[in-house]
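Be aware that the sequence shown starts at -3, since it is given in this note's numbering, and climbs by one per residue.
We put the beta carbon where it would ideally sit given N, CA and C, even for glycine.
Note that the coordinates shown come from a computational prediction; the quantities given were computed from them, not determined experimentally.
Contents: one structure, followed by commentary.
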Amino acid sequence: MLCCGSETHTNCGPPSVGSEWGIPRWRLGCFRPASPSSVSAAGKQWRPGVAAERWGRVALDQDTMLNFKIRKYDDCDYEVVRTMFASGMNEYIPSVFLHVLKQPWVILVLTCFFTLLLVSSRSLLLPILALTLLLAAGRQLVGYIWSLYIDKCLTGDLLDIGRTYMESKGSCFWIAEAEDSIVGIVAAKPAEDEEAELQLKRMSVRADFRGLGIAKALSRTVIDFAREHNFRSVILNTLMVQKEAKKMYESVGFKKYLDDDIPPLYGKLVNFTISKYRYDIASKN
């Protein structure tokens, strides 16, 4: 087994609290090279049950096939998993900022601000510069607030992934690998308010591997895990800016059952909603 996938990465375990997740290092992790026989035997079908490793194959183009593998988390994956999650969440900052700008009260405030400066200064350049600076400051504020959520996750369930997901009953964490790299992650643990429901969490797929069915395969891995462990259903939460993720979950069979506002005041001010989805195991059997 090739542990950590890089000669320069010597620490396979969790770093000390406060270490930076910094620059993406996608080729790190515990990649286990596949033998040609195991890939050809898997073909386009999953192995039955929730095995330690599951194989899949998708077409990149007419002549090229991509083989990928889904396996359980290993401690050597720690840094890559945290970096992939943080980077994936950071991709939503522009969409969140645009959503905030579209709110009626924000448009009204910006319009009044621009008009007042235009009237008082009798110059077009000053209001434009001031509005540009205000928008830049707003963008930084949104990014800061978003980073607080990411930090909360990194110091919460993702601080000790092994203990949270691999050592807890009814929980698990999976890694998707392709081309000697970790390309996707997903986790699952029993819902806090309903033990009969399994909550899908921390889904993330590398940008250059999206649209190939890897996220669907990870979702089905969680569903199979829930079925094997006698959960009644699988639930998950998505934000209003995660439009592609919603389409993917719906294509797998998840149904939206609730749109809920984020409790904090700033969530209500910017109309920030969470969509809750459910996949009923019993109705699919």
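Practice item. Alpha carbon to alpha carbon, how far is V105 from L154? Give it in angstroms, no decimals. Key: Here residue 154 refers to the residue found at position 158 of the sequence shown. Here residue 105 refers to the residue found at position 109 of the sequence shown. Taking the straight line from one Cα to the other gives about 39 Å.
Check your understanding: From R23 to T217, what distance separates their C-alpha atoms?
Key -> Translated into the one-based positions of the sequence shown, residue 23 becomes position 27. Translated into the one-based positions of the sequence shown, residue 217 becomes position 221. In this predicted model, R23 has a pLDDT of only 38, less than 50, meaning its place in the structure is not dependable; the value taken from the coordinates is given anyway. Cα to Cα, the separation comes out at about 23 Å.
**Study point:** Beta-carbon gap between L113 and L121 smaller than 8 Å
**Key:** As a position in the sequence shown, residue 113 is number 117, starting the count at 1. As a position in the sequence shown, residue 121 is number 125, starting the count at 1. Taking 8 Å as the Cβ cut-off, L113 and L121 do not qualify as a contacting pair.
**Study point:** Member of D255, E224, G209, K264 whose CA lies at the smallest distance from the CA of S247
**Key:** Taking the sequence shown and counting its residues from 1, the one referred to as residue 247 is at position 251. Per the Cα distances, G209.
Check your understanding: Does DSSP classify P44 as helix, strand or coil?
Key -> Against the sequence shown, residue 44 aligns to sequence position 48. The pLDDT assigned to P44 is 37, lower than 50, so where the model puts this residue is not dependable; a value taken from the coordinates is nonetheless given after this. Coil.
Review point. Going by Cα to Cα distance, which pick from D147, F205, K264 is closest to M85?
Key: As a first step, residue 85 must be located in the sequence shown, where it is residue number 89. Among D147, F205, K264, the Cα nearest to that of M85 is on D147.
Check your understanding: In terms of alpha-carbon separation, which member of D73, V77, Q99, Y74 lies closest to N267?
Key -> Position 271 of the sequence shown, counted from the first residue, corresponds to residue 267. Of the listed residues, the one whose Cα sits closest to N267 is Q99.
Practice item. List in chain order: all unbroken beta strand (DSSP E) runs of 3+ residues lying wholly within the stretch 184 to 244. Key: 193 to 201, 229 to 235
**Study point:** Backbone secondary structure at D284 - three-state DSSP
**Key:** Only positions -3 to 281 of the chain appear in the structure, and residue 284 is not among them; the question remains open.
**Study point:** Candidates G180, R198, D276, of which the one nearest R223 by Cα
**Key:** As a working note, residue 223 is residue 227 in the sequence shown. The residue with the shortest Cα to Cα distance from R223 is D276.
Review point. Just to confirm, are A174 and F205 a CB contact at a threshold of 8 Å?
Key: One-based indexing of the sequence shown puts residue 174 at position 178. One-based indexing of the sequence shown puts residue 205 at position 209. Yes.
Review point. Sorted by chain position, which residues of the same chain lie with C-beta nearer than 6 Å to V179's C-beta, five sequence neighbours on each side aside?
Key: Position 183 of the sequence shown, counted from the start, is the residue given in the question as residue 179. A172, R202, F205.
**Study point:** Reference Q136; option with closest CA among K65, E190, V96, R228
**Key:** By one-based count along the sequence shown, residue 136 stands at place 140. Just measuring C-alpha positions, the residue of K65, E190, V96, R228 sitting nearest Q136 is V96.
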